[in-house]
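**Student:** One structure, pasted below without further comment.
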Amino acid sequence: MKGFGLFLACLLCICKKGLQSNGWSIQVPSDATGEIGKAVVLPCTFTHPHKTYDRTLTAIWRIKEPYDGMVVFKCVTHSLSDLCKTAVSYKNKYKLIGNPRHNNLSIKIDNLTWSDSNRYFCRVEFSGDLHDKYESRTGIRLHLIAAPRIVNITIGSNQDRTFRAQCTAEGEPLPSLTWTGPLFSNATSVTSLNHQITKELHYLTHDGKYTCTAVNSHGRAEGAVYFYKFKAASGSLIVILMFVTLGIKVLVLLAILGIAVFWRAGHVTAQSRLSRQQAQDSTYENLDRRNNCGSQRLPTE
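If you use mature numbering (1 follows the signal peptide of the UniProt record, and there is no 0), the sequence shown corresponds to residues -20 to -1, 1 to 281, in order.
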């Protein structure tokens, strides 16, 4: 067993010497942290066995797994004076901030979302020899943090016609939820999934404002709903409402009748005026005819 262990140690030593003599290495942190909605930088530097290199160089970043993972960023530079031109930038979120000619492949990811939580691997390729390529094997694990945010807050009804309040919040670390409001002894239940948590307040019994507060190590958020139960009116109030409604209808009817009578009276008056005017015009016409007849001269012999 000792001989076998010594053999393995020697083999490991030989492998290490081989890697060192190769001259390739990549330096990346094991973890990085970014905040939802903001940007994060993923650092990556490398060494290579060439003293100088002025041919085509390609920088690549992929996610999930090395060598076969999805490529989210890729740029190519063809000479020492040429900038690394972006060929791939998934959702236009990735930007090279390092200089590959200075052995720096660091990138920035903008507008972080929950889907960006992943493991990232950087890779450099020199054109020419097949072995002039190197990629990080362990990669960088990107962790996301977020202050609490109220996603949804509502009041709903149960099957037995009672009411409940529900509050959903998100954040990382997962926030704690607290309901406050009118004096109540309602039962609550909590469910969570990934970075979201929901707390339900069962069987609301008191009218008023109910507030949901979400808290984690990065901040707090609040949301509120108002609950008022419908209450049946008393008998006397119903009678009063009926009379008020009936009175309004009577007033509307009287107003309509008044308008109709006023309009009819105006119409009759207008007709009377027209008749008098026509009669007067007829009288003037007859007088003109008589005058004309009286003024005619008799023929002379």
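For every residue, glycine included, the Cβ atom is placed at its ideal position computed from N, Cα and C. None of these values were measured; they are calculated from a predicted model.
Does any heavy atom of the ligand MG sit closer than 7 Å to the C-beta of residue 10?
**Tutor:** Of the ligands one can find in the structure shown there are none, so the ligand MG has no counterpart to examine.
**Student:** Smallest Cα separation from residue 30: which of 82, 11, 44 and 141?
**Tutor:** Reading the sequence shown from its first residue, position 50 is the one you call residue 30. It is 82 whose Cα lies nearest to the Cα of residue 30.
**Student:** Apart from the five residues just before and just after residue 19, which ones in its own chain have a Cβ nearer than 8 Å to its Cβ?
**Tutor:** Position 39 of the sequence shown, counted from the start, is the residue given in the question as residue 19. Correct list, in chain order: 88, 89, 90, 91 and 92.
**Student:** Looking only at its chain, what residues have a beta carbon closer than 7 Å to the beta carbon of residue 297, apart from the 5 residues adjacent to it on each side?
**Tutor:** Residue 297 lies beyond the stretch modelled for the chain, which goes from -20 to 281, so this question has no answer here.
**Student:** Counting Cβ pairs, one atom from each stretch, are 3 or more of them under 8 Å apart for the stretch 140 to 155 and the stretch 168 to 185?
**Tutor:** Result yes; three or more Cβ-Cβ pairs closer than 8 Å.
**Student:** Three-state secondary structure (DSSP) at residue 282?
**Tutor:** Any answer about residue 282 is impossible in this case: the structure gives the chain only from -20 up to 281.
**Student:** Rounding to the nearest angstrom, what Cα-Cα distance links residue 226 and residue 236 in this structure?
**Tutor:** To locate residue 226, count along the sequence shown from 1; it is residue 246. To locate residue 236, count along the sequence shown from 1; it is residue 256. Whole-angstrom Cα-Cα distance: 16 Å.
**Student:** What does the alpha-carbon distance come out to for the pair residue 156 and residue 36?
**Tutor:** The sequence position of residue 156 within the sequence shown is 176, counting from 1. The sequence position of residue 36 within the sequence shown is 56, counting from 1. Roughly 53 Å separates the two Cα atoms.
**Student:** Which runs of the beta strand (DSSP E) spanning at least 3 residues fall entirely within the stretch 91 to 142, listed in chain order?
**Tutor:** Those beta strand (DSSP E) runs which fall completely within the stretch 91 to 142 and span 3+ residues are 99 to 106, 113 to 115 and 120 to 137.
**Student:** By Cβ distance, which residues of its chain are closer than 7 Å to residue 47, with the 5 residues on each side in sequence left out?
**Tutor:** Here the question's residue 47 lines up with position 67 in the sequence shown. Here the set comprises 115.
**Student:** For residue 113 and residue 103, what's the separation of their Cα atoms in angstroms?
**Tutor:** Position 133 of the sequence shown holds residue 113. Position 123 of the sequence shown holds residue 103. Roughly 7 Å separates the two Cα atoms.
**Student:** In terms of DSSP beta bridges, what is residue 69 paired with?
**Tutor:** Position 89 of the sequence shown holds residue 69. Paired residue(s): 53.
**Student:** Whose C-alpha, out of 70, 85 and 71, is nearest the C-alpha of residue 77?
**Tutor:** The residue you call residue 77 lines up with position 97 of the sequence shown. Measuring from the Cα of residue 77, the nearest candidate turns out to be 85.
**Student:** Considering only the alpha carbon of each residue, which of 231, 60 and 184 lies closest to residue 106?
**Tutor:** Walking along the sequence shown from the start, residue 106 turns up at place 126. The residue with the shortest Cα to Cα distance from residue 106 is 60.
**Student:** Looking at the secondary structure, which residues open and close the alpha helix (DSSP H) in which residue 2 lies?
**Tutor:** For the purposes of this step, residue 2 is identified with residue 22 of the sequence shown, where counting begins at 1. Run containing residue 2: -19 to 2, per the alpha helix (DSSP H) assignment.
**Student:** Here's the rule I'm using: 16 or more other beta-carbon atoms within 10 Å means buried, otherwise exposed. How should residue 119 be labelled?
**Tutor:** What you label residue 119 is simply residue 139 of the sequence shown in a count that begins at 1. The residue in question, residue 119, is buried, as its Cβ has 16 or more Cβ neighbours within 10 Å.
**Student:** Take residue 2 as the anchor and find which of 244, 108 and 28 has the nearest alpha-carbon.
**Tutor:** In the sequence shown, the residue the question calls residue 2 occupies position 22. The residue with the shortest Cα to Cα distance from residue 2 is 28.
**Student:** Please list, in chain order, all residues of the same chain as residue 153 whose beta carbon is under 7 Å from its beta carbon, the five residues on each side excluded.
**Tutor:** Reading the sequence shown from its first residue, position 173 is the one you call residue 153. These residues qualify, in order along the chain: 196 and 197.
**Student:** In whole angstroms, give me the CA-to-CA distance for residue 168 and residue 96.
**Tutor:** What you label residue 168 is simply residue 188 of the sequence shown in a count that begins at 1. What you label residue 96 is simply residue 116 of the sequence shown in a count that begins at 1. Their Cα atoms are separated by approximately 33 Å.
**Student:** Buried or exposed for residue 327, please, with buried defined as at least 16 other CB atoms from any protein chain shown within 10 angstroms of its CB.
**Tutor:** The requested residue 327 does not occur in the structure, where the chain is confined to residues -20 to 281.
**Student:** Helix, strand or coil: which one does DSSP assign to residue 37?
**Tutor:** As a first step, residue 37 must be located in the sequence shown, where it is residue number 57. Strand at residue 37.
**Student:** Closest to residue 188 by CA distance: which of 203, 208, 180 and 8 is it?
**Tutor:** Residue numbering aside, residue 188 sits at position 208 when the sequence shown is read from its first letter. Among 203, 208, 180 and 8, the Cα nearest to that of residue 188 is on 208.
**Student:** Please classify residue 52: is it buried, with 16 or more other beta-carbons within 10 angstroms of its beta-carbon, or exposed?
**Tutor:** Stepping through the sequence shown from its first residue, residue 52 is reached at position 72. Result: buried.
**Student:** Do you know whose CA, among 203, 50, 17 and 79, lies nearest residue 131's CA?
**Tutor:** Residue numbering aside, residue 131 sits at position 151 when the sequence shown is read from its first letter. Ranking the options by Cα distance to residue 131, first place goes to 203.
**Student:** Which residues in the same chain have their Cβ closer than 6 Å to the Cβ of residue 79, if we skip the five residues on either side of it in sequence?
**Tutor:** As a first step, residue 79 must be located in the sequence shown, where it is residue number 99. Same-chain partners within the cutoff: there are none.
**Student:** Using the Cβ count rule (16 or more neighbours within 10 Å means buried), how would you classify residue 54?
**Tutor:** As a position in the sequence shown, residue 54 is number 74, starting the count at 1. Buried, because 16 or more other Cβ atoms sit within 10 Å of the Cβ of residue 54.
**Student:** Can you check DSSP and say which residues form a bridge with residue 152?
**Tutor:** Stepping through the sequence shown from its first residue, residue 152 is reached at position 172. Answer is 126, bridged to residue 152.
**Student:** Can you tell me which of 135, 172 and 121 puts its alpha carbon nearest to the alpha carbon of residue 12?
**Tutor:** Position 32 of the sequence shown, counted from the first residue, corresponds to residue 12. Measuring from the Cα of residue 12, the nearest candidate turns out to be 121.
**Student:** Classify residue 225 as helix, strand or coil using the three-state DSSP reduction.
**Tutor:** On the sequence shown, residue 225 is found 245 positions in, with the first residue counted as 1. Residue 225: helix per DSSP, three-state reduction.
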